[in-house]
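All remarks here apply to the structure that follows.
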Amino acid sequence: MEQTNLSVTTYFIIIGFSDFPILQPAISFLVLLVFLATVSGNMTILLLVCKDQHLHTPMYFFICNLSIVDICCSTNNLHNILISSVLGDNTISIAGCLIQIFIFISLTCAELLILAVMSYDRYVAICNPLYYNMIMNFPVCTLLGISCWVLGALESIPIFLELFRLTCYKSNTINHFFCDIMPVMKLTCSDTTFLDFYILTLGVLVSAFSPFLFTVISYIFIIVSVLKINSTAGRHKAFYTFSSHLTVFILLYTTLAIQYLRPHSVINLDSNKLLDSNKLISLFNTAAMPLLNPLIYSLKNKDVKASFRRVSRVIKQKL
Numbered sequence: 001m002e003q004t005n006l007s008v009t010t011y012f013i014i015i016g017f018s019d020f021p022i023l024q025p026a027i028s029f030l031v032l033l034v035f036l037a038t039v040s041g042n043m044t045i046l047l048l049v050c051k052d053q054h055l056h057t058p059m060y061f062f063i064c065n066l067s068i069v070d071i072c073c074s075t076n077n078l079h080n081i082l083i084s085s086v087l088g089d090n091t092i093s094i095a096g097c098l099i100q101i102f103i104f105i106s107l108t109c110a111e112l113l114i115l116a117v118m119s120y121d122r123y124v125a126i127c128n129p130l131y132y133n134m135i136m137n138f139p140v141c142t143l144l145g146i147s148c149w150v151l152g153a154l155e156s157i158p159i160f161l162e163l164f165r166l167t168c169y170k171s172n173t174i175n176h177f178f179c180d181i182m183p184v185m186k187l188t189c190s191d192t193t194f195l196d197f198y199i200l201t202l203g204v205l206v207s208a209f210s211p212f213l214f215t216v217i218s219y220i221f222i223i224v225s226v227l228k229i230n231s232t233a234g235r236h237k238a239f240y241t242f243s244s245h246l247t248v249f250i251l252l253y254t255t256l257a258i259q260y261l262r263p264h265s266v267i268n269l270d271s272n273k274l275l276d277s278n279k280l281i282s283l284f285n286t287a288a289m290p291l292l293n294p295l296i297y298s299l300k301n302k303d304v305k306a307s308f309r310r311v312s313r314v315i316k317q318k319l
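See below:
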């Protein structure tokens, strides 16, 4: 394949699911439906929490942060498919591509941190209920929420700057439906030693493993405390308050591990098949997960259902 210099190549071609031409219209239509449902579901959560004072609690404050992450992540990662299906334009500038990678990594890091903070919130609520309001007060929750967003962005800046230093690409065709770091690194003919080292150390060990370990430890303490409850009804109620968090935690880390933690021997053996499978996993991670989050966390929750009825009554009265 002919090597193309970055000074000449000013855009990338995102092939999306064009290698499945028969399924592409159906995939685009399904992605549109999922995107609209994701935005609607998460916007509903944000609206209910803002309008109903009964939901002005730390747990729903962090769920609102997670909803914002889901909306931004879906918009960032799925808009290429939607634009390509409507306008037939599957190109993106190199700067736009690198910005999309930065936003995706920042949002992913922020989401992992938010899940860790939510596990701590559930730990305090279940293991130290008498001190919950004192520990998880408004200033503390605000500081934790801001920290998740800021740290997510800071962890992504070195990757963003290093990607801008790449000087040449073997091709400008990205085998993905959005700009992800693995397909772009596969195309470059520049030295990616620093990127590989940074992703392995700070990316995996710090950005992913640290919140993972913190979350696991929190859930271990929670499970131990729940098992000590003598009442069956009490154990059931306590388990219900964190089971949804645990479900999302398992799904997210499982898909991320499958997608990004494969042995280099497998990657080198057949990188095209790897990227093809990553597209399907990414589609679940960036389309299905943001849709599942409001369903798992909130819309099935009796407090949210009661809030929805209260807000609906207020809206009907005003109309």
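Just so we're aligned: the sequence shown equals residues 1 to 319 in full-length UniProt numbering.
Just so you know, even glycine gets a beta-carbon here, dropped at the ideal spot from N, CA and C.
Contact between C109 and L151 is confirmed by a C-beta separation of about 7 Å, below the 8 Å threshold. At the C-beta level, C73 and T215 stay beyond 8 Å of one another.
Below 8 Å, enough C-beta pairs join the segment 100–107 and the segment 65–82 to call them touching: three or more. Buried is the label assigned to R122, since at least 16 other Cβ atoms lie within 10 Å of its Cβ. Collapsing the DSSP output to three states places C97 in a helix.
Within the model, the alpha-carbon separation for P211 versus Q317 is close to 45 Å. Between I135 and V117, the C-beta spacing is not below 8 Å. Taking all protein chains shown into account, V184 has 16 or more neighbouring C-beta atoms within 10 Å of its C-beta and is therefore buried. If the five residues before and after L161 are omitted, its C-beta is found closer than 8 Å to no C-beta atom of its own chain. Remark: C-beta atoms of I81 and V140 do not approach each other more closely than 8 Å. In this model, S119 and L295 are separated by some 18 Å (Cα to Cα). Burial of C179 is indicated by the presence of at least 16 other C-beta atoms within 10 angstroms of its C-beta.
In the three-state reduction of the DSSP assignment, T247 falls in the helix class.
With a cut-off of 8 Å on Cβ pairs, the segment 299–315 is in contact with the segment 40–58, counting three or more such pairs.
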